[in-house]
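Here the protein sequences line up with chains A and B, keeping their order. In this text, residue positions in the first sequence follow our numbering: the first is 2, and each later residue adds one. In this text, residue positions in the second sequence follow our numbering: the first is 40, and each later residue adds one. Contents: one structure, followed by commentary.
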Amino acid sequence: MDWINLAVTLIKIVVLTFMVLLPMIAYSVWAERRVAAKIQNRVGPNRTGIPFTKWGLAGLGQPIADGLKFIFKEDFTPAHVRTGFFWLAPALTMVPALMTCAVIPFGSELNIAGYKIPLVIANLNVGPLFIFAIASLSVYGIVLAGWASNSKYSFLGGVRSTSQMISYEISLGLSIVPIVMIFGELNLTEIVKWQDSNGWLLLPFWGEGPLLPKVILLVPVLISFLIFTVSMFAETNRLPFDLPECETELVAGYHTEYSSMKFALFFLGEYAAMIIGSGLAVTLFLGGWSLPGGIGSDLVDKPLWLGIAHFFCFLIKMIGFILLFIWVRWSLPRFRYDQLMRLGWVFFFEIALANVLLTALILIYFK
Amino acid sequence: MLDLLFYIFATLSVVGALGVIVNKNPVTSAFSLIAAFIGLAALFIQLDAYLVGIIQILVYGGAVMVLFLFIIMLMDLPSEERRKFGWGPVAGGILLGCVFVVQLVRVLADYSAGSRVMQDLPVGAASDVEQIGKLMFTQYYFPVQVVGVLLLVATIGVVVLSKKELD
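Written as structure tokens, this is what we have:
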């Protein structure tokens with residue numbers, strides 16, 4: 002039995018990270034370029050399809066071609082870098098981003114021949130904390146890249162990124178405290194189960210219906226959601242907060258000196274962080290894998306089709322959130338650096354603290 | 040399986056700790072310290088102390104060490120130069136080491152291996168997060184408050200000091 006569990010976990014790791022997460026990363030790059038093109042009234046990459054045929058498939062072959070290009074490009078290491086750290090840095094951005102997907106529940110459970118397989122790699126009791134802890138390690142990759150490149154642009158990018166990530170980690174952590182208070186639980190699987198039967202946190206309209214305390218709790222939940230989402234943009238270094246790689250000032254920021262697959266790892270690490278962030282937001286606020294309307298929430302034994310439906314429901318919600326990321330990126334201009342810091346320390350930090358107090362008062366009043 | 044993992048992570052933390060004092064380059068030292076912290080966190084997690092392990096990574100690995108590294112890089116500290124050993128520090132170090140070894144021997148002499156087996160937490164018991172939280176806000180309520188006040192004082196001190204520099 003022990004060996005079966007181990008094998009199942011290994012299969013889950015391989016399938017969820019390498020067959021779900023990595024293709025999602027590749028195709029969110031494609032989606033980014035296509036959506037950006039649509040927003041700017043261009044066509045975007047729509048030609049690369051099946052080779053030697055006329056089928057373009059709306060450019061769906063583009064990520065594969067890009068990947069091949071990155072692998073076969075010359076991997077150039079400038080002479081003035083600190084070599085060991087220069088090589089370590091890209092790995093340190095990619096690995097934490099992939100590790101965090103261990104606690105995200107991708108679905109409820111698959112009932113295969115009476116053997117129930119929960120679709121989460123590690124069912125920890127400290128889910129969100131685990132994600133924050135491991136994600137905070139990805140700062141090192143960027144700091145190291147900036148420092149080891151031994152160039153002023155890279156260094157400035159690395160310094161900016163570090164201070165930005167440290168600042169916004171605080172509001173990110175504080176913004177989910179009210180959520181944890183409402184659930185009384187840090188286990189992401191249990192959090193989703195709660196939402197499955199009681200309605201999603203942002204749409205508490207099924208289960209027992211819209212009771213008064215639930216509707217009033219929407220106020221702190223909405224504030225939390227806003228702070229969480231905006232902080233997530235800052236954590237993943239995405240526009241409007243992409244100061245660390247601001248082209249007009251810093252060439253390309255911390256990865257100026259990188260080429261080929263090492264550059265690709267930074268690039269993919271950023272997208273991986275974005276996808277995991279979307280997954281966490283969906284899990285905490287939008288009901289994770291639970292179907293809208295609470296369909297099937299009263300079934301104790303979930304049949305196989307329901308498990309598959311849950312899995313795809315989660316993927317669809319996540320893709321929706323990723324599209325939001327892309328939409329914002331191509332709609333808003335870049336902030337100035339002091340504005341960014343002011344927003345984090347003067348507004349979000351205080352609002353998040355006040356929000357914790359507000360939630361506590363509401364919870365005490367309604368019990 | 041668990042034994043093997045224990046040896047891997049114990050080696051990681053010991054090698055990391057050694058790396059901190061052996062390396063001349065301050066950045067390499069800082070990274071060795073991070074590796075040691077991560078190994079330690081893994082050991083905590085193996086003991087089912089998930090919260091302690093995660094907090095170890097979150098606070099020490101993620102926050103404290105980033106600041107260390109930041110300062111090292113901003114000041115661009117050079118590698119340590121070969122210094123002449125003074126006898127004072129060496130004697131002090133040897134003395135400290137001896138005191139520690141004596142303590143260790145005393146503690147280990149009283150302890151017979153296997154005499155006290157800790158029970159696993161029963162299935163369905165409250166998670167460690169819940170238990171630590173309950174302890175902190177009942178039995179250790181006063182120390183928690185004192186630490187809170189201490190942190191507040193430190194924060195105010197930082198604000199006052201940095202304001203002074205600006206004027």
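Think of the CB as a built atom: it goes at the ideal place given N, C-alpha and C, for glycine as much as any other residue.
In the structure shown, the three-state DSSP call for Pro205/A is coil. Within chain B, Val105, Leu108, Phe109 and Met112 have C-beta atoms less than 8 Å from the C-beta of Val144/A, given in sequence order.
Of the residues assessed, Gly45/A falls on the buried side of the cut-off, its CB having 16 or more other CB atoms within 10 angstroms.
Listed along chain B are Val168, each with a C-beta nearer than 7 Å to that of Leu187/A.
In the structure shown, Glu110/A adopts extended strand secondary structure according to DSSP, grouped into three states.
Take the alpha-carbon of Phe45/B and the one of Ala75/B: they are about 14 Å apart. Counting the other Cβ atoms within 10 Å of the Cβ of His256/A gives 16 or more, which makes it buried. Taking 9 Å as the CB threshold, Val66/B lines the interface with chain A.
The C-beta of Leu130/A comes closer than 9 Å to at least one C-beta of chain B. Within chain B, the residues Tyr89, Leu90, Ser166, Asp167, Val168 and Glu169 have their CB atoms less than 9 Å from the CB of Asn126/A, given in chain order. Under the Cβ distance rule, Tyr141/A counts among the residues neighbouring chain B, one pair being separated by less than 9 Å. Not flagged as an interface residue toward chain B: Glu351/A, since no C-beta distance is shorter than 9 Å. Taking all protein chains shown into account, Phe206/A has fewer than 16 neighbouring C-beta atoms within 10 Å of its C-beta and is therefore exposed. With fewer than 16 other Cβ atoms from the protein chains shown falling within 10 Å of its own Cβ, His81/A counts as exposed. A distance below 7 Å between beta-carbons, with the five flanking residues on each side excluded, links Leu157/A to the following residues of its chain, in chain order: Leu251. The Cβ of Gly270/A sits no closer than 9 Å to any Cβ of chain B. The Cβ atoms of Leu266/A and Ala92/A lie closer than 9 Å to each other. A straight-line Cα-Cα distance of about 16 Å links Asp42/B and Leu7/A. The C-alpha of Leu79/B is placed about 7 Å away from the C-alpha of Phe48/B. Residues of the region 321-342 of chain A that bring their beta carbon within less than 7 Å of a beta carbon in chain B are absent altogether. Sorting Phe242/A, Met319/A and Gly270/A by C-alpha distance to the C-alpha of Tyr338/A places Phe242/A at the top. Nearest CB-CB separation between Ile93/B and chain A: below the 9 Å threshold. The three-state secondary structure of Pro119/A, taken from DSSP, is strand.
In this structure Gln340/A is exposed. Its beta-carbon is surrounded by fewer than 16 other beta-carbon atoms within 10 angstroms. Trp195/A counts as buried, since no fewer than 16 other beta carbons sit within 10 angstroms of its beta carbon. Per DSSP, Trp88/A is one residue of the alpha helix (DSSP H) stretching across Thr84 to Met100. Considering only Leu359/A, Phe19/A and Met319/A, the residue with the shortest C-alpha distance to Val96/A is Phe19/A. Val104/A places its beta carbon less than 9 Å from that of Asn124/A. Residue state for Pro64/A is assigned as helix, using DSSP reduced to three classes. Interface flag for Phe315/A against chain B is unset, since no Cβ pair is found closer than 9 Å.
Three or more Cβ pairs drawn from the region 220-238 of chain A and the region 340-360 of chain A lie within less than 8 Å of each other, which places the two stretches in contact.
With a threshold of 16 other beta carbon atoms within 10 Å, Asn238/A meets it and is buried. The alpha carbon of Phe326/A has as its nearest neighbour, out of Leu359/A, Ile276/A, Pro334/A and Leu364/A, the alpha carbon of Ile276/A. Counting only residues of its own chain and dropping the five nearest sequence neighbours on each side, Met104/B has a CB closer than 6 Å to the CB of Ile73. Sixteen is the threshold: since fewer than 16 other Cβ atoms of the shown chains lie within 10 Å of the Cβ of Gly127/B, the residue is exposed. In this structure, DSSP gives Glu258/A a state outside helix and strand, which the three-state scheme calls coil.
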